[in-house]
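Numbering (my numbering), first residue to last: 400 to 855. Everything on this sheet refers to the single structure shown next.
Below, the structure is given as structure tokens:
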């Protein structure tokens, strides 16, 4: 059992016992061995080690395959953690992190980063450490130059967050100067070539980020329109969001209204933004109108609670009852509607809705179907659970991929467990008949039946 305060208890053991335990652990774990070495090294030795490690990463020639990429990324994460633990001087620490960023292309080209593990280390771990040291650097112009240079030379898109984090270590005046520098850089680039257009857009993205951090909505708008002169719904929404963040709901509403009403792709995001705008300007009528629209289009607990927060909690039962009846009379089946009935404790209605729409169920949708089966089982609606487990089983048998057969065996055994507890099959074949049917239909799937018999 872990003590309530293990740190105090470990201190109570005394230095000698802890030293012996750590040394013993270091003989069996590389990570522990490196920790001991780090603890015993002088700051000068540690700095030499960090510089040698960077040089080794730069010279590394062996290609790291996809299967090893995670451990390679962890090695880099540990290296950054060691720097933070040992190097207290912000200038020295920052120089080490910058040196790592400067060889990011070499590191990324030496491994298969298909899963993005290494890229994430640069985007998050390295950026966080850069920010950690940069906060304590007094020369803000130096930092601004550094961010500009690193961002401009970003070949793999792993340095963008250095700009996104700039407000954490640069004052407003320096942020504005940096934004102006990026803007001028974009203006001075020859945009007659594809490469030139990309480079200019890259600088303008930095202006957008800095403008958002400054809550300078007009500057953000200017940059966004320079990047995407042909207005898209996404651009309008981005501009509207920044105006709202800058406490200008009127301008935000203006930009939301630039989006065509029938734009489906960004409709949910548009409506969410409208809720925030109407809440800011206290337009209760419009607020309720948008909340009703969102709820009717997608009935779930979140849209329900949003609606009730506007029209009043006293209408909960009425809204749920009307929505439930609407679901039952709608000819098309919806998994989200079924979830809504369950989440609002309309359990009998949920079972009725499911059993009336069995032909619309798709056993391939494992992530949707299994939680529904488990929920019906928990609520003791065992016929509904049985119907779903059957769909899951038949999906696996139909696909005929033996690596999934163990799941199918589990579903079949679950059906056997539930069958004696189902008192009314309501026209569905009882388990004995169902079993005979799948045994005949899938008789040639020998490996499935062997697994099933073995599990008896």
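Where a beta carbon is used, it is the ideal one built from N, C-alpha and C, also for glycine.
>> Check for me: the alpha helix (DSSP H) holding residue 601 runs from which residue to which?
In response: Sequence index remark: in the chain shown, residue 601 carries index 202 (1-based). Element bounds for residue 601: 593-613.
> Which residue from 595, 597 and 559 puts its Cα closest to that of residue 608?
Replying inline: The residue you call residue 608 lines up with position 209 of the chain shown. Nearest in C-alpha terms to residue 608, of all of 595, 597 and 559, is 559.
> For residue 463, which three-state DSSP category applies?
Replying inline: Against the chain shown, residue 463 aligns to sequence position 64. Strand at residue 463.
>> Give me the DSSP bridge partner(s) of residue 510.
In response: Mapped onto the chain shown, residue 510 falls at position 111. Beta-bridge partners of residue 510 (DSSP): 463.
> Which whole-angstrom value describes the C-beta separation of residue 343 and residue 692, a residue pair presumed to lie in contact below a C-beta threshold of 8 Å?
Replying inline: Shown here, the chain extends from 400 to 855; a query on residue 343 therefore has no answer.
> Mapping DSSP to helix, strand and coil, what is residue 473?
Replying inline: For the purposes of this step, residue 473 is identified with residue 74 of the chain shown, where counting begins at 1. Helix.
> With a CB to CB cut of under 6 Å and the five nearest residues on each side skipped, what residues in its chain are close to residue 618?
Replying inline: Here residue 618 is taken as the residue at index 219 of the chain shown, counted from 1. 610.
>> Can you look up residue 555 in the DSSP assignment and give me helix, strand or coil?
In response: Counting from one through the chain shown, the residue named residue 555 turns up at place 156. Residue 555: coil per DSSP, three-state reduction.
> Is residue 429 helix, strand or coil when you go by DSSP?
Replying inline: In the chain shown, the residue the question calls residue 429 occupies position 30. Residue 429: helix per DSSP, three-state reduction.
>> I'd like the list of long-range same chain contacts for residue 554, defined as Cβ closer than 7 Å, with 5 residues on each side in sequence excluded.
In response: Position 155 of the chain shown, counting from 1, holds the residue named residue 554. Contacts found: 504.
> Between which two residues does the alpha helix (DSSP H) carrying residue 812 extend?
Replying inline: Locating residue 812 in the chain shown gives position 413, counting from the first residue. Here the alpha helix (DSSP H) through residue 812 covers 804-817.
> Do residue 746 and residue 780 have their C-beta atoms within less than 8 Å of each other?
Replying inline: Locating residue 746 in the chain shown gives position 347, where the first residue counts as 1. Locating residue 780 in the chain shown gives position 381, where the first residue counts as 1. Taking 8 Å as the cut-off, the Cβ atoms of residue 746 and residue 780 count as close.
> Got a sec? Which residues, its chain only, sit under 7 Å from residue 851 by beta carbon, not counting five neighbours each side?
Replying inline: Stepping through the chain shown from its first residue, residue 851 is reached at position 452. Contacts found: 808 and 811.
> With distances taken between CB atoms, is the gap from residue 652 to residue 689 smaller than 8 Å?
Replying inline: For the purposes of this step, residue 652 is identified with residue 253 of the chain shown, where counting begins at 1. For the purposes of this step, residue 689 is identified with residue 290 of the chain shown, where counting begins at 1. The Cβ atoms of residue 652 and residue 689 lie no closer than 8 Å to each other.
> residue 435 to residue 694, Cα distance in whole Å?
Replying inline: Mapped onto the chain shown, residue 435 falls at position 36. Mapped onto the chain shown, residue 694 falls at position 295. Each residue's Cα considered, the two are about 58 Å apart.
>> I'd like to know if the stretch 518-529 and the stretch 489-498 are in contact, where contact means that at least 3 CB-CB pairs between them fall below 8 Å.
In response: Judged by Cβ distances under 8 Å, the stretch 518-529 makes contact with the stretch 489-498, as three or more pairs qualify.
>> For a quick check, are the C-beta atoms of residue 766 and residue 732 less than 8 Å apart?
In response: The residue labelled residue 766 in the question sits at position 367 within the chain shown. The residue labelled residue 732 in the question sits at position 333 within the chain shown. Against a cut-off of 8 Å, the Cβ pair of residue 732 and residue 766 comes out as no contact.
>> If I follow the unbroken alpha helix (DSSP H) through residue 494, where does it start and stop?
In response: Walking along the chain shown from the start, residue 494 turns up at place 95. 489-500 is the span of the alpha helix (DSSP H), which, as asked, contains residue 494.
> How big is the Cα-Cα spacing for residue 650 and residue 770?
Replying inline: Reading the chain shown from its first residue, position 251 is the one you call residue 650. Reading the chain shown from its first residue, position 371 is the one you call residue 770. Each residue's Cα considered, the two are about 44 Å apart.
> I think residue 612 touches residue 565, with their Cβ atoms under 8 Å apart; what is that distance to the nearest whole Å?
Replying inline: Within the chain shown, residue 612 is the residue found at index 213, counting from 1. Within the chain shown, residue 565 is the residue found at index 166, counting from 1. About 7 Å separates the two Cβ atoms, so the contact holds.
>> Among 750, 735 and 751, whose alpha-carbon lies nearest the alpha-carbon of residue 764?
In response: As a first step, residue 764 is located in the chain shown; it is residue number 365 there, counting from the start. Nearest C-alpha to residue 764 among 750, 735 and 751: 735.
> Are residue 622 and residue 641 closer than 8 Å when you measure CB to CB?
Replying inline: Position 223 of the chain shown, counting from 1, holds the residue named residue 622. Position 242 of the chain shown, counting from 1, holds the residue named residue 641. Result no, Cβ atoms of residue 622 and residue 641 do not sit closer than 8 Å.
> With C-beta atoms as the reference, is residue 569 less than 8 Å away from residue 602?
Replying inline: For this step, residue 569 is matched to residue 170 along the chain shown. For this step, residue 602 is matched to residue 203 along the chain shown. Not in contact: residue 569 and residue 602 (Cβ atoms no closer than 8 Å).
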